[in-house]
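Participant: Top line first, the protein sequences correspond to chains A and B.
Residue numbering for the first sequence follows our numbering, starting at 1 and increasing by one per position.
Residue numbering for the second sequence follows our numbering, starting at 1001 and increasing by one per position.
Each residue gets a CB set at the ideal place from its N, CA and C atoms; glycine is no exception.
Since we're looking at a predicted model, the values are computed, not measured.
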Amino acid sequence: MSALALLAHDETGAAAGLLAGLRHPISGADHVLAMLAVGVWGAQLGAPYVWALPVAFPMVMALGGMLGLVGVALPGVELGIALSALVLGALVVAEARPPVWVAAGIVGLFALFHGHAHGTELPAGTSGVLYSVGFVVSTGTLHALGIALGLLHRFERGRLVLRGAGAVVAAGGAYFLWEALA
Amino acid sequence: MSARRLVAAALAALLLAAPASAHLVQTGFGAFYDGLAHLVLTPADLLSVLGLGLLAGLCGKETARATMFPLALAWLAGCLVGASFPAGGELAAPCALSVVLCGLLVALRAPLARRAAGALALAVGLLHGYADGATIRPPDALTLAGASLCAFVLVTLTAAFVVELREGAARLAVRVAGSWIAAVGLLMLGWELRGTP
């Protein structure tokens, strides 16, 4: 009864840009599943995959984001993102071990679609640079989380858990693919 | 890339630049601290210095030593030139490119020789220092000194931190950080090409 009136306001400019960037990669299950799968796959395969994949992904993702920013259209972005979860999940299930450059190429190809989606979805009135910082940090953190989960690979049952998680990611990807095609 | 080419590229970027419009953050602690805050709060400056520090640290003590002083001195020189001849201006795209370059070299763990690292530090310092000098208003000598000293302290601390890392995983984390810096630099470049909102 005696409380004073609340004077609050929305974040704008730099703060809104950073928060929007941090939030964007975790705002869609398709992004989250694919990012986690990149980390888990790298951790399953060990060095040099465990660092090559999380290094390749953000750089190619940024390239995709840059293409989106300057207005270069990329066909089938939603399909690409859905496929990324499906394929990366399947690779985790199979514990596939292609050559490093092939693995980095697969991850890089999908990163292009994720980056393009991030690059074209900046909310109005926010700082573009800090939005970029936010979504790179958020994406990298999801990779790190995936790598941390991938540490279960040291244990016999942990390997089974990771394969099961890969199957969940692949199933999610199949669902998103269905949605994208519908 | 040779040292001469790096310096030539930095000078070309300075000559080809268009007019700028920026303002200084007022900390309330005086001109010197305004300069310190400017570097920390300017993403392109901060990321290029951190990237250079990570790279210098990965390359070892000798390379780190060859990077610290050229960076700070070139930053100060660039600031003074920028403040005296601010006609240059919109250097955001070349600055973003320098962030990409520093991050990429870290991610690739490029084994730079002392001379090449020193030349890179010179080029980065001149470029970013010039951008600061041309855009900080008013271009107080203490403000410019604050920005240059901040660059020196940051690159020194970052390089010292990385030089001490022995664990493979920790050094890999540094490379991942480099890829993040390169990624942000690429996106900064995208914003500049599109027109930053």
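Taking Cβ-Cβ distances below 7 Å as the criterion, which residues of the segment 1161-1193 of chain B are in contact with chain A?
Facilitator: Residues LEU1172, ARG1175, VAL1176, SER1179, TRP1180, ALA1182, ALA1183, VAL1184, LEU1186, LEU1187, MET1188, LEU1189, GLY1190, TRP1191, LEU1193.
Participant: What first and last residue would you give for the alpha helix (DSSP H) that runs through ALA1119/B?
Facilitator: Segment 1114-1135, the alpha helix (DSSP H) holding ALA1119/B.
Participant: For chain A, is any of its Cβ atoms less than 8 Å away from the one on PRO1094/B?
Facilitator: By this cut-off, PRO1094/B is not an interface position.
Participant: For LEU1108/B, name the three-state secondary structure that DSSP assigns.
Facilitator: Note: LEU1108/B maps to coil in three-state DSSP.
Participant: Just mark ALA1107/B as buried or exposed, buried being the case when its beta carbon has 16 or more other beta carbons within 10 Å.
Facilitator: That one is buried.
Participant: Who are the Cβ neighbours of LEU1189/B in its own chain at under 7 Å, not counting the five residues just before and after it?
Facilitator: Once the five neighbours on either side are set aside, the close Cβ partners of LEU1189/B are ALA1093, ALA1096, LEU1097, VAL1100.
Participant: Kindly indicate which three-state DSSP category SER127/A falls into: helix, strand or coil?
Facilitator: SER127/A falls in the coil class under three-state DSSP.
Participant: Looking at the C-beta of GLY108/A, does it have a partner C-beta in chain B at a distance below 8 Å?
Facilitator: Not an interface residue.
Participant: Check each candidate in LEU1187/B, PRO1086/B, ALA1169/B, LEU1149/B and name the one with the smallest Cα separation from PHE1069/B.
Facilitator: Among LEU1187/B, PRO1086/B, ALA1169/B, LEU1149/B, the Cα nearest to that of PHE1069/B belongs to LEU1149/B.
Participant: Looking at chain B, is there any beta carbon in it that lies within less than 8 Å of the beta carbon of HIS66/A?
Facilitator: Residue 66/A is actually Met in this sequence, not His. Yes, its Cβ sits closer than 8 Å to a Cβ of chain B.
Participant: Since PRO1043/B meets chain A, which of its residues come closer than 8 Å, beta carbon to beta carbon?
Facilitator: The contacting residues are VAL129, LEU130, VAL133.
Participant: Residues of chain A with CB closer than 8 Å to the CB of ALA1107/B, please, in chain order.
Facilitator: Correct list: VAL55, MET59.
Participant: Below 8 Å on the Cβ atoms is my contact criterion, and I expect ARG1175/B with VAL55/A to pass it. Report the Cβ-Cβ distance as a whole number of Å.
Facilitator: Indeed, because the Cβ distance is near 6 Å, the residues count as touching under 8 Å.
Participant: Please list, in chain order, the residues of the segment 67-101 of chain A that have any C-beta partner in chain B closer than 9 Å.
Facilitator: From the segment 67-101 of chain A, only LEU67, GLY68, LEU69, VAL70, GLY71 have a Cβ closer than 9 Å to chain B.
Participant: Starting from HIS116/A and walking both ways along the alpha helix (DSSP H), at which residues does that stretch end?
Facilitator: Its alpha helix (DSSP H) spans residues 100-119.
Participant: Please classify ALA1116/B: is it buried, with 16 or more other beta-carbons within 10 angstroms of its beta-carbon, or exposed?
Facilitator: Under this definition ALA1116/B is a buried residue.
Participant: Would SER138/A be called buried (16 or more neighbouring beta carbons within 10 Å of its own) or exposed?
Facilitator: Classification of SER138/A: buried, given that the 10 Å Cβ count is 16 or more.
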